[in-house]
Amino acid sequence: MSPLPRFIAPAVRRLGALLLLAPAAASAQASTTRGLSLGAHLMGTSLTVENGDAVGGGGFGLRLGYGFNRIVTGFVHVDGSRIDLESGSTIVGQWDLAHAEVGARFHFANSLRRWVPYLEASAGGRSVSVSDASVNGEAAGKISFSGGAVTFGGGLSTYLTRKVALDLSLKFTGGEFTKVDVGNLSVNNLDIDAASFRFGVGFVWWPKA
3 MSPLPRFIAP AVRRLGALLL LAPAAASAQA STTRGLSLGA HLMGTSLTVE NGDAVGGGGF
63 GLRLGYGFNR IVTGFVHVDG SRIDLESGST IVGQWDLAHA EVGARFHFAN SLRRWVPYLE
123 ASAGGRSVSV SDASVNGEAA GKISFSGGAV TFGGGLSTYL TRKVALDLSL KFTGGEFTKV
183 DVGNLSVNNL DIDAASFRFG VGFVWWPKA
């Protein structure tokens with residue numbers, strides 16, 4: 003068999019070296035932030051309205067994201083929580099708090115690490131609905147508050163595998179309730195300050211990583 007031409011032999015040797023290194027590089031990658039991701043979280047939530055006392059509860063959230071590169075991920079997030087009120091509240095009933103947001107997450111990513119911290123910002127809507135409500139002892143049916151909101155937060159993803167991470171997050175949401183619905187009556191252009199905190203524990207999955 004004739005020897006390989008001189009200009010081909012070095013290329014073949016380099017290709018062989020790359021093929022040997024490829025499995026090691028793949029096994030060394032401990033995390034990913036690129037591409038489609040799906041998340042689900044259990045949450046602890048608190049709500050403060052007009053500098054009043056904070057009320058808290060728990061709920062569940064879902065997240066759909068897409069990593070454009072290893073740093074920036076765009077996402078859509080929705081969640082809902084049941085709020086537990088203290089006795090003596092002005093509006094009594096079954097309180098439910100919901101957020102719907104579109105935002106971006108910024109990872110401090112290194113694919114060789116199993117832990118990835120991040121910061122995020124988002125904007126969207128927030129609502130509170132009170133079922134079987136009574137105001138100062140008078141039945142009022144259903145009452146709902148809604149308005150825009152801006153959220154800032156951060157967290158830490160710890161990768162159990164390259165595709166699955168345990169995710170811890172803390173978010174602060176500020177904004178105003180600008181609309182109140184009481185039965186068939188709606189009142190707009192209000193200015194009711196509200197703040198909510200959310201602490202989440204859940205999992206994120208990158209199905210195509």
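Residue numbering for the sequence shown follows the working numbering, beginning at 3 and increasing consecutively. Just so you know, even glycine gets a beta-carbon here, dropped at the ideal spot from N, CA and C.
In the DSSP output, what is residue i paired with across the bridge?
i      : result
Ala123 : Ala106 and Phe154
Arg84  : Gly60 and Asp98
Gly202 : Met45 and Ser171
Within the same chain, show all residues whose beta-carbon is closer than 6 Å to that of residue i, passing over the 5 residues directly before and after it, in chain order.
i      : result
Pro119 : Phe110 and Leu158
Ser133 : Gly95, Gln96 and Lys144
Phe147 : Val130, Phe179 and Val182
Lys173 : Thr153, Gly155 and Arg200
If you run the structure through DSSP and keep just helix, strand and coil, what is residue i?
i      : result
Lys173 : strand
Ala197 : strand
Asp134 : strand
Phe77  : strand
Between which residues of its own chain and residue i is the CB-CB distance below 7 Å, once the five residues before and five after are set aside?
i     : result
Val74 : Ala106 and Phe108
From residue i to residue j, what does the alpha carbon distance come to, in whole angstroms?
i      : j      : result
Phe205 : Gly126 : 23 Å
Gly185 : Leu66  : 33 Å
Gly76  : Asp195 : 27 Å
Phe201 : Pro209 : 25 Å
Ala102 : Arg128 : 7 Å
Val104 : Gly156 : 15 Å
Ala167 : Val78  : 18 Å
Leu40  : Lys165 : 11 Å
Phe70  : Gly37  : 7 Å
Using the rule of at least 16 other Cβ atoms within 10 Å of the residue's Cβ for burial, across every protein chain shown, is residue i buried or exposed?
i      : result
Ser188 : exposed
Leu49  : buried
Ala135 : buried
Tyr161 : buried
Got a sec? Which residues, its chain only, sit under 8 Å from residue i by beta carbon, not counting five neighbours each side?
i     : result
Ile85 : Thr47, Leu49, Val57, Gly58, Gly59, Trp97, Asp98, Leu99 and Val130
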